[in-house]
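Peer 1:
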Amino acid sequence: MPAWQVALTPAAGRQIDRLRGVDLMAIRGVILALADEPRPPGASKLAGTRDLWRVRVRIEGQPWRIVYQLRTREHLVLITRVAHRGEGTYRQL
3 MPAWQVALTP AAGRQIDRLR GVDLMAIRGV ILALADEPRP PGASKLAGTR DLWRVRVRIE
63 GQPWRIVYQL RTREHLVLIT RVAHRGEGTY RQL
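In the numbering used here, the protein residues as written are 3 to 95.
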């Protein structure tokens, strides 16, 4: 059983719903892995935030970002954004 629960904000759910094929499978795999290790190698805390993290995902040479909030008391990884890098990934966080 995973140590952490993973949930999506409605916006992140909509972003994932738009993914297809290889992109969807890769992003889903990284998100599921966050349940076992919410701070995987390469994950970084976002500067200027209290509890937001990001993990980089490269799919067929394209850079993607998964932005998430760690709620340590609840053991919850809340996915807030899934976006192709450059689509305003870090805007309005």
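Cβ coordinates follow ideal geometry from the N, Cα and C atoms, glycine included.
Beta carbon of Leu-72, beta carbon of Asp-53: below 8 Å?
Peer 2: The residue you call residue 72 lines up with position 70 of the sequence shown. The residue you call residue 53 lines up with position 51 of the sequence shown. Result yes, Cβ atoms of Leu-72 and Asp-53 sit closer than 8 Å.
Peer 1: Among Arg-67, Ile-81 and Leu-80, whose alpha-carbon lies nearest the alpha-carbon of Arg-87?
Peer 2: Here residue 87 corresponds to residue number 85 of the sequence shown, with the count starting at 1. Per the Cα distances, Arg-67.
Peer 1: Any chance the stretch 46 to 62 sits against the stretch 11 to 22, with 3 or more Cβ pairs inside 8 Å?
Peer 2: Touching, no.
Peer 1: Could you spell out where the beta strand (DSSP E) holding Ala-85 opens and where it closes?
Peer 2: Translated into positions along the sequence shown, residue 85 becomes position 83. It spans 78 to 86 - the beta strand (DSSP E) in which Ala-85 sits, taken as one unbroken run.
Peer 1: Put Gln-16 into one of helix, strand or coil per three-state DSSP.
Peer 2: Position 14 of the sequence shown, counted from the first residue, corresponds to residue 16. First, the amino acid is wrong: residue 16 is Arg here, not Gln. DSSP places Arg-16 in helix when its eight states are reduced to three.
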